[in-house]
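The sequence shown begins at 62 in our numbering and counts up one residue at a time.
What follows is a set of notes on a single structure, which appears directly below.
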Amino acid sequence: MAASLELVGWVLVLFSASRAVSADPSLARQACLQTFYRLLGLKSARIWLGRTGRFLGNSDPVPAGRFPRSGAGCGGLFGLRCGPDSGVPPVECPWRQPVIGGVKPSVCRPEPLSPPAHTPTGLRYRPQPGGNTQGARQEGEGAEVSAMAGNSSSPSTDGFLCECDPESCQGEIVCRAQQECYSAIVYGDLKKGCFGQEEQSRMSCNTPNQRTVNVVCCDYEMCNKNITPTLPTDPDPTFAVDNEMTQLVIYAVSPIGALIILAAAAICIARFMHKRRLQRYQRDVERGGVHVGDMHAYPAGDNTLQDLVDQSSGSGSGLPFLVQRTVARQITLVEQIGKGRYGEVWRGQWQGENVAVKIFNSRDEKSWFRETEIYNTVLLRHENILGFIASDMTSRNSCTQLWLITHYHEFGSLYDFLQRTTLDAHRMMKLACSIAGGLVHLHVEIFGTQGKPAIAHRDLKSKNILVKSNGQCCIADLGLAVMHSQATDTLDLGSNPRVGTKRYMAPELLEETMNFECFDSYKRIDVYALGLVLWEVARRCTSGGIAEEYKPPYYDVVPSDPSYEDMKKVVVVDQQRPSIPNRWSSDQTLTAMAKLMRECWYHNPAARLTALRVKKTLNKLQNSLEKLKELKQDV
62 MAASLELVGW
72 VLVLFSASRA
82 VSADPSLARQ
92 ACLQTFYRLL
102 GLKSARIWLG
112 RTGRFLGNSD
122 PVPAGRFPRS
132 GAGCGGLFGL
142 RCGPDSGVPP
152 VECPWRQPVI
162 GGVKPSVCRP
172 EPLSPPAHTP
182 TGLRYRPQPG
192 GNTQGARQEG
202 EGAEVSAMAG
212 NSSSPSTDGF
222 LCECDPESCQ
232 GEIVCRAQQE
242 CYSAIVYGDL
252 KKGCFGQEEQ
262 SRMSCNTPNQ
272 RTVNVVCCDY
282 EMCNKNITPT
292 LPTDPDPTFA
302 VDNEMTQLVI
312 YAVSPIGALI
322 ILAAAAICIA
332 RFMHKRRLQR
342 YQRDVERGGV
352 HVGDMHAYPA
362 GDNTLQDLVD
372 QSSGSGSGLP
382 FLVQRTVARQ
392 ITLVEQIGKG
402 RYGEVWRGQW
412 QGENVAVKIF
422 NSRDEKSWFR
432 ETEIYNTVLL
442 RHENILGFIA
452 SDMTSRNSCT
462 QLWLITHYHE
472 FGSLYDFLQR
482 TTLDAHRMMK
492 LACSIAGGLV
502 HLHVEIFGTQ
512 GKPAIAHRDL
522 KSKNILVKSN
532 GQCCIADLGL
542 AVMHSQATDT
552 LDLGSNPRVG
562 TKRYMAPELL
572 EETMNFECFD
582 SYKRIDVYAL
592 GLVLWEVARR
602 CTSGGIAEEY
612 KPPYYDVVPS
622 DPSYEDMKKV
632 VVVDQQRPSI
642 PNRWSSDQTL
652 TAMAKLMREC
662 WYHNPAARLT
672 ALRVKKTLNK
682 LQNSLEKLKE
692 LKQDV
């Protein structure tokens with residue numbers, strides 16, 4: 062029965078409140094507040110309104126617009142909205158008191174127990190003496206609010222005053238803080254107030270400065286009065302663009318820089334390891350042995366180069382590769398004796414014996430490889446072919462070098478020898494016969510289990526012929542050589558892009574009519590060059606006490622470094638050949654030499670003599686001179 066009466070009372074209260082809305086808004090607010098009190102079981106409560114100067118009780122009319130604003134989510138009862146919009150005062154909002162009695166409030170309600178120490182409006186709750194809500198007093202510019210529920214009470218806490226902007230403090234200019242005062246600039250608006258809870262203070266005061274919000278906190282009386290935070294100024298758009306471009310450049314360059322650093326580090330490590338290997342090899346050489354892979358090779362005591370050659374397989378292909386590398390790493394360079402477009406020539410020493418070291422430039426690696434390949438061909442060793450000792454790829458001053466080690470001949474090249482020496486008929490024939498003999502050995506193919514392919518030199522000239530101490534010559538520089546085998550009918554041209562010396566080029570090369578698929582064509586251009594070399598030798602032969610000064614072929618019709626066009630005009634168009642001195646006609650040997658030369662440099666390649674025929678003719682002339690010499694001695 063009591064419950065039914067209570068329900069009827071609630072209905073009447075709500076009905077009265079709804080009737081009063083249209084008549085007087087204050088009556089509606091009073092009815093809403095009384096309804097809250099009844100729901101919470103409060104018998105007595107009074108709220109002090111600071112600016113009105115009076116209390117608001119259960120039956121007091123509520124003045125409009127003089128209540129704290131409700132927070133977000135502060136709801137109403139039975140669909141009614143409490144707050145300034147509805148005219149119902151929210152005494153406490155959820156954001157001010159997270160949990161009330163273990164239940165999250167969803168409506169505006171007065172505090173039944175102890176009030177919080179701080180509100181965003183600057184109000185501070187203080188219970189009245191005796192445990193009953195009998196009255197409250199106003200302190201400073203703020204307002205005090207008392208709320209009692211039954212006989213409960215709460216202790217009071219003191220703080221310090223802070224300056225507060227009226228908008229944040231509901232028209233008040235000061236508030237009392239329990240934690241810290243704050244002064245904040247938010248999107249250009251200045252906000253001032255106080256924090257009552259430690260969590261609020263920690264979260265807001267520790268927030269870093271941002272472009273739109275800047276909060277400054279302090280903790281003493283009116284400390285925020287003269288504090289005006291500022292927002293960071295907007296950067297110059299040009300500077301911002303430049304900064305973005307700088308960042309893009311940094312992002313793009315950083316990986317490249319890292320790769321360059323890694324590459325440089327790898328190169329440094331490789332050079333360091335290479336230097337260590339060279340030092341280890343040098344130490345092994347000084348100790349008398351050289352490590353090659355897992356093998357250890359020692360020099361053969363007091364052996365000479367000739368001993369090493371004699372101890373080889375006898376195939377004429379040079380020393381075994383292991384011995385070649387051993388010898389190459391034990392050679393000491395003494396002096397430079399020549400230099401050309403393709404490298405340098407040094408005199409070196411191996412166990413006190415002189416050797417010639419031809420050092421190729423790294424860009425001419427194909428010439429070095431080709432010459433090494435041909436020198437290692439079986440049965441190539443011949444007295445009129447430069448003796449090959451070894452080849453190796455080594456390092457000098459951190460640069461890769463390609464070494465070709467051959468026998469050393471102190472007289473040097475035929476070109477140098479003829480410039481400083483005149484010849485008699487016997488020395489001339491000895492030089493000429495040895496040159497022809499070496500060329501014949503190259504051109505002839507030897508058949509057998511250890512045969513030799515036919516080889517064409519392609520760059521025969523006086524600078525590529527060396528003079529030996531016994532008065533004979535030997536042919537050197539096989540970097541452009543061509544090999545041919547009748548057994549397989551193959552022509553090995555190699556991959557060297559070099560071409561021969563223009564001054565010694567045959568007419569068919571200059572007018573580009575040569576058949577490059579025919580090996581005989583290569584042999585015929587060697588014979589043409591041989592005729593020019595014989596002309597150079599014969600000019601230095603004395604006859605009647607007279608000898609011409611050394612000159613290269615065509616010295617009188619082309620410049621010192623002729624072009625293709627120069628040589629083509631002289632040799633092909635004008636069909637000129639080196640001039641024969643008149644004094645040769647009075648000497649039988651020189652006359653025969655002149656006839657042989659003309660048969661070597663015919664314009665028609667097929668009409669030229671073979672190297673073997675030139676050799677036989679020269680040998681016949683040499684034998685005639687020997688017989689004539691013997692007759693003179695007998696007389």
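For each residue, glycine too, the CB sits at the ideal point set by N, CA and C.
At what residues does the alpha helix (DSSP H) containing residue i begin and finish?
i    : result
K697 : Since the displayed the chain opens at 62 and closes at 696, residue 697 lies outside it and no answer follows.
M283 : Counting along the chain, M283 falls outside any alpha helix (DSSP H), and DSSP gives it neither H nor E.
E260 : 259-266
M489 : 486-504
D250 : That residue, D250, is in no alpha helix (DSSP H); its beta strand (DSSP E) goes 250-256.
I586 : 580-600
E626 : 625-628
D477 : 475-481
R659 : 649-661
E405 : Here E405 belongs to no alpha helix (DSSP H); instead the beta strand (DSSP E) covers 404-411.
E569 : 568-571
If I'm right that residue i touches residue j with Cβ under 8 Å, what's the distance once you round it to whole angstroms?
i    : j    : result
V416 : I392 : 6 Å
P235 : C225 : Looking at the sequence shown, residue 235 is not Pro but Val. Correct: roughly 6 Å between the Cβ atoms.
L539 : I435 : 5 Å
A515 : H504 : 6 Å
N287 : A245 : Contact flag wrong, Cβ pair sits at about 15 Å.
V634 : D627 : The Cβ separation is near 11 Å, so there is no contact.
G473 : L394 : The pair is not a contact, with the Cβ atoms about 17 Å apart (cut-off 8 Å).
A653 : L500 : About 19 Å separates the two Cβ atoms, so there is no contact after all.
L697 : L657 : No answer is possible for residue 697: the residues shown for the chain start at 62 and end at 696.
Could you spell out where the beta strand (DSSP E) holding residue i opens and where it closes?
i    : result
T397 : Contrary to the premise, residue 397 reads as Gln rather than Thr in this sequence. 393-401 is the extent of the beta strand (DSSP E) around Q397.
V632 : Per DSSP, V632 belongs to no beta strand (DSSP E) and is neither H nor E.
T671 : Element bounds for T671: n/a, residue is neither H nor E.
M544 : 543-546
L222 : 221-224
E414 : 414-421
Is it buried or exposed, residue i, if we count other Cβ atoms within 10 angstroms and call 16 or more buried?
i    : result
Q231 : buried
V632 : buried
Q694 : exposed
Y248 : exposed
R338 : exposed
N285 : buried
Q240 : buried
L222 : buried
L679 : buried
Y615 : buried
D617 : exposed
C329 : exposed
K336 : exposed
N445 : buried
V310 : exposed
K681 : exposed
R402 : exposed
L692 : exposed
G318 : exposed
L323 : exposed
L320 : exposed
Select from the options the residue whose C-alpha is nearest the C-alpha of residue i.
i    : options                : result
G404 : E426, R390, I311, P269 : E426
W429 : R402, L465, D250       : L465
P623 : D648, K688, M566, T603 : M566
E432 : A517, T289, C602, R390 : A517
Q683 : K612, P568, A497, S530 : A497
E609 : L479, Q410, T291       : L479
H664 : T603, K693, P642, A590 : A590
Y476 : E506, A537, A324, F421 : A537
L697 : A668, L670, T650, M658 : Given that the chain is displayed from residue 62 to residue 696, the structure contains no residue 697 and the question cannot be resolved.
W662 : E687, G532, R585       : R585
Y583 : Q271, I317, A542, L571 : A542
S573 : P666, M544, A548       : Strictly speaking, residue 573 in this sequence is Glu, with Ser absent from that position. Of the candidates P666, M544, A548, the one whose C-alpha sits nearest the C-alpha of E573 is P666.
Q261 : Y281, R272, E597, A238 : A238
C602 : N576, F580, I641       : I641
T291 : M283, M306, N270       : N270
K253 : Q547, S229, S646       : S229
Give a single yes or no on whether residue i has its beta carbon closer than 8 Å to a heavy atom of the ligand PLP.
i    : result
F256 : Looking at this structure, you won't find the ligand PLP or any other ligand, since it has none at all.
Would you please verify whether the beta carbon of residue i is less than 9 Å from any beta carbon of chain B?
i    : result
P316 : The chain labelled as chain B is not found in the depicted structure, where only one protein chain is given.
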